[in-house]
Amino acid sequence: MCDGLNPLSHPASGMARHSNPQAGVRTASGSHSPHLGRPACEAGEHRGERLLLTLDTLALHGSTALLASFFGNPRVATLCEGRTWECESQPTKEAARAQRSPHLDAAQIWADALRRFAPFWREHGRASAPPVLVAKWEPLHSMMASAKASATVLPPDRVPVPPLLAGAGVQHVRWAAVAMHQPWCMTVGLSSYAGRARQRSLKAWAAMELLNRRRIVDRVRFLEARGVPLLVTSHAELLWRPDRFVAKILAFAPCAGRLNLSHIPRLGADHFQANALKVANESVRGFGERRDPRACCNMTATQHPSARARCAAPAEILYAGLDEAGRALAQELDGFMESRVRLRWELAGGARQTEGVTAR
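Put into structure tokens, the structure is as follows:
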């Protein structure tokens, strides 16, 4: 792997923690520009290094589809073998809450994650140990939960790899992240949970949706400010531009190899009964092919490769349940994420260029 950037080697940038979801968002048109650092790793065998790739989405916003896109890949391990619910890092919600302590610094959070995740880098029936482990949310969410973590600056050698990895010859574990944006109209069109919540109280659902979208923007900015290698994609891209999604992941993390979105998840191999994953006998590619973006989600769709997919409804309908200020913020948050989606890792040289996201 390349000299990727360790999560503890970047100084805190003084990024504020806002309790008000409408506080200070800067979009691509403002003064904030994303960190355009290195890709997460390089292709080839690197026996002394591993990559921890955090997958970040909003809960119930396509996280299972993003995880499943890595299934069937011998170069990638997941936490599903731990038999935890939804392949998460802890067996219970109580354990997850204890893990996300405001009193832990970044070194403690990183060391704890490596200790808990080390067993998943073993062969587990593979010809060799996978160089990449993908994990939903962690250790990112634990770092975001701790004021101390955001202020900690430590060099990588201050956090040694755990004995289980050191015994296998691993000297370094790099950290990178893939964040996935889900357009608002996709949430309304695809999520049965959102449908039920909107029926109970449209305003309450919209307010919580707005808050959660602010949180993922904060997490993206957290990673950018610290130079952690980051790729932002979208659920629309995963479902309706699968080849582009695969190319972006390959350019960003070539050590993971090429993903196979036609792979059908296998119970007992990719996931287990205890995981309770909502994956039918269907591939990610197949799921997208069966759903038209216009019909399911009221998204504009075009064959032109440079055009962008957009939610077609006007703001007052799309963001129903929010007042005028809330709608403006929702547009700004979605615009921020979409601007990051358009930063595309090119296969040649890892240069990032601006490109639109399209539906079929």
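One gets our numbering by counting positions in the sequence shown from 1 and adding 665 to each. Every residue gets a Cβ at the ideal spot worked out from N, C-alpha and C, and that includes glycine.
When the beta-carbon positions are compared, R740 and A921 come within less than 8 Å of each other. DSSP places R1005 within a helical segment (H, G or I) once states are collapsed to three. Of the residues assessed, P825 falls on the exposed side of the cut-off, its CB having fewer than 16 other CB atoms within 10 angstroms. For S899, the enclosing beta strand (DSSP E) starts and ends at 895 to 899. Using a Cβ distance threshold of 8 Å, K943 and T729 count as a contacting pair. Per the C-alpha coordinates, the member of N738, T898, A831 positioned closest to P784 is A831.
In this structure, M851 is the residue among M851, A890, Q938 with its C-alpha nearest to the C-alpha of W905. Our two residues, S866 and V882, have alpha carbons roughly 25 Å apart in a direct line. Secondary structure note for K801: its beta strand (DSSP E) is the uninterrupted segment 797 to 801. Secondary-structure assignment with DSSP links W849 through no beta bridge to anything.
The beta-bridge partner set that DSSP reports for E714 consists of H837. The beta carbon of R992 sits closer than 6 Å to the beta carbons of A980, Y984 from its chain, once the five residues preceding and following it are set aside; these are given in chain order. Within the region 939 to 967, the complete alpha helix (DSSP H) segments at least 4 residues long are 949 to 954, 958 to 962, listed from N- to C-terminus. The beta-bridge partner set that DSSP reports for L720 consists of K801, V843. Distance from the CA atom of N925 to the CA atom of D908, rounded to whole angstroms, is 10 Å. Between M845 and T722 the beta-carbon gap is near 5 Å, inside 8 Å, which marks them as a contact. Distances from the alpha-carbon of F1001 to those of G951, G747, R884 put R884 closest.
With a beta-carbon spacing of about 6 Å, R715 and V835 fall inside the 8 Å limit used to define contacts.
Per DSSP, the continuous alpha helix (DSSP H) segment holding Y858 begins and ends at 857 to 865. Burial of L732 is indicated by the presence of at least 16 other C-beta atoms within 10 angstroms of its C-beta. Beta-bridge partners of C976 (DSSP): M964.
Judged by DSSP in its simplified three-state form, L829 adopts helix. Our two residues, A977 and E889, have alpha carbons roughly 30 Å apart in a direct line.
Considering only G892, A833, A869, the residue with the shortest C-alpha distance to A705 is G892.
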